[in-house]
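Residue numbers (the numbering used here): 15 to 265.
Ideal placement from N, C-alpha and C gives every residue a C-beta, glycine not left out.
This one's a predicted model, so the numbers in the text were calculated from it and none came from an experiment.
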Amino acid sequence: MNDNELILQTIDLTRYFGMVKAADGINVDVRRGEVVGIIGANGSGKTTFLNLITGYLTPERGRILFLGQECTGESPRRIVKLGLARSFQIPQIYTTLSVMENLLLSLSAQANKGTVFWQPLYTESWVREASEILARFGLESYADRPVSVLPEGGRKLLDIALSFALKPQLLLMDEPTSGVSIEDKFQVMDTMATVLKESNITTIFVEHDMEVVQRYSRRVIVFDEGKLIADGHPQTILADPEIRKAVLGHE
Ligand SMILES: Nc1ncnc2c1ncn2[C@@H]1O[C@H](COP(=O)(O)OP(=O)(O)O)[C@@H](O)[C@H]1O
Ligand SMILES: [Mg+2]
């Protein structure tokens, strides 16, 4: 596996909602191992971009290549199978099940390339793998507890662990720390960043907290009204008053 390998490429990716240009000719290249932050004001098209890449929206125009393979117009399910996962989406958290059971469902979905509920979940190898994943995310003490008892930060980590269990090559996250208290935010991000780095999972995350972006990404792309207006090192990008204005409005 070539470290410099192009993992994701979008070419002129465009999507309108009526008169709104939610994605307007987006060209992005992401290489293996990169951790890319996406920033932009509310409504600038960040989530639309993730929805397009993961097959939840079809583009008006443009293309998406994943590992050099055309995946424009593919279904979300097929895209997950190709190795592109997204936190919060597949699979959903089942709040009445235990933390372990949620992870077992994710592992079974991965193994079967689709969730098959009639298969026994508690196979020895899956339980072992699930335990290992929970330990990596610091959630082992919650394994047998229902998801509903997890604190918000733990729930976010479980979200990410469930996507991690799908063994993606590229992981997309939409505001992974939203709703998490300031004290817990960095702990969630530290854990997540460590696990993803150890596994060399390329990561794209949408984030509105500039401190988080600075600390956890070495590259940031900026959206404004559906357009990509900047792409570079967070320090450089966030020092630019024009960009700050576009992202944060008038402070
Ligand atoms: N399903 C939809 N139907 C109509 N308009 C949408 C839809 N999804 C997004 N939009 C519009 O597209 C623009 C970009 O939205 P979004 O990608 O959610 O922004 P962000 O995630 O940056 O806040 C906004 O103007 C939003 O109102
Ligand atoms: Mg959004």
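Spatial distance of residue i from residue j (CA atoms)
i	j	result
K199	V113	20 angstroms
V220	Q124	25 angstroms
G97	V163	31 angstroms
V141	L171	18 angstroms
V202	A149	14 angstroms
L27	G87	12 angstroms
S195	G167	8 angstroms
S155	L252	39 angstroms
A55	R75	23 angstroms
V226	T250	15 angstroms
F31	P255	29 angstroms
L207	Y230	One detail in the question is off: residue 207 reads as Ala in this sequence, not Leu. Approximately 7 angstroms between the Cα atoms of the pair.
H247	Q228	9 angstroms
L153	M33	45 angstroms
I147	S213	12 angstroms
Where residue i sits in the DSSP three-state scheme
i	result
I257	helix
G76	strand
V194	coil
P160	strand
L210	helix
Y136	coil
D173	helix
D223	coil
Q201	helix
Y70	coil
Q23	strand
G57	coil
I251	helix
I215	coil
A123	helix
N65	helix
Presumed contact (8 angstroms Cβ cut-off) between residue i and residue j, rounded CB distance
i	j	result
L117	L176	7 angstroms
G240	G59	4 angstroms
A260	D238	4 angstroms
V234	I243	About 11 angstroms; that fails the 8 angstroms criterion.
I107	D173	7 angstroms
Worksheet item: At a cut of 8 angstroms, does the segment 180–189 reach the segment 93–101 through at least three beta carbon pairs?
Response: yes
Worksheet item: Should the segment 28–43 be called in touch with the segment 63–75, which here means at least 3 C-beta pairs below 8 angstroms?
Response: yes
Fill in: Completely contained alpha helix (DSSP H) runs for the segment 84–121, where each covers 4 or more residues
90–96
Worksheet item: So, do the segment 222–230 and the segment 18–25 have three or more beta carbon pairs nearer to each other than 8 angstroms?
Response: no
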